[in-house]
Amino acid sequence: MNSYLAIVLAALIPMVLGYIWYHPKVLGTAWMNSLGITEEKLKEGNMGMIMGLAFALALFLAWRMNAYASHTEPGMSQFVHGFFHGAYSMGLPAAVVLVSNGLFQRNTATNLIINALYWILALGLMGSFLYSVAAPEAAPVG
Numbered sequence: 158m159n160s161y162l163a164i165v166l167a168a169l170i171p172m173v174l175g176y177i178w179y180h181p182k183v184l185g186t187a188w189m190n191s192l193g194i195t196e197e198k199l200k201e202g203n204m205g206m207i208m209g210l211a212f213a214l215a216l217f218l219a220w221r222m223n224a225y226a227s228h229t230e231p232g233m234s235q236f237v238h239g240f241f242h243g244a245y246s247m248g249l250p251a252a253v254v255l256v257s258n259g260l261f262q263r264n265t266a267t268n269l270i271i272n273a274l275y276w277i278l279a280l281g282l283m284g285s286f287l288y289s290v291a292a293p294e295a296a297p298v299g
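Sequential numbering of the sequence shown, starting at 158, is according to our numbering.
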């Protein structure tokens, strides 16, 4: 697959997952309650700008992750390998930063857990996708 197309498609993963994850029938209501906000309050924001910037940031994350996607691990599927790199190498540090900032912002434990797990899963799925479609690196000669 063309790497530019793969990056764009991978950047859609956090957007689609976020739509599901933060939907009121999944974790959205708990997330809103953890922040003390309502659906009406959320609608006050400039959603075009918010979604556009979120997608641009997701493109950056996918672009950086794609730089390592051709790396292979003998005996491990690229899907699992990519999930590990996305969730562990990128998602876990992101979650630690989110929790650290959230502590100072006095966010609830519910809010911290919902957001941290979202990014671990989103980055894991981005890694799974990018590693699954990347051309494997050439085997060393000699």
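All C-beta atoms, glycine included, are put in the ideal place defined by N, C-alpha and C.
Secondary structure note for His238: its alpha helix (DSSP H) is the uninterrupted segment Gln235 to Phe241. Closest in C-alpha terms to Ala215, from the list Ile277, Ala168, Ala163 and Ala279, comes Ala168. Uninterrupted alpha helix (DSSP H) stretches at least 4 residues long and entirely within the region 187-255 occur at 196-199, 204-223 and 235-241, given in chain order.
If you compare the alpha carbons of Thr265, Leu260 and Tyr275 with that of Ile170, the shortest gap goes to Tyr275.
Rounded to whole angstroms, the Cβ separation of Gly239 and Tyr288 is 3 angstroms, and the two are in contact under 8 angstroms.
A direct Cα-Cα distance of roughly 31 angstroms separates Gly284 from Glu196.
Counting the other Cβ atoms within 10 Å of the Cβ of Leu210 gives fewer than 16, which makes it exposed.
A straight-line Cα-Cα distance of about 15 angstroms links Val290 and His242. Between the region 261-281 and the region 188-206, the count of C-beta pairs closer than 8 angstroms reaches three or more; the two stretches touch.
A check of alpha carbon separations from Phe217 across Leu269, Leu166, Ala292 and Ile271 identifies Leu166 as the nearest.
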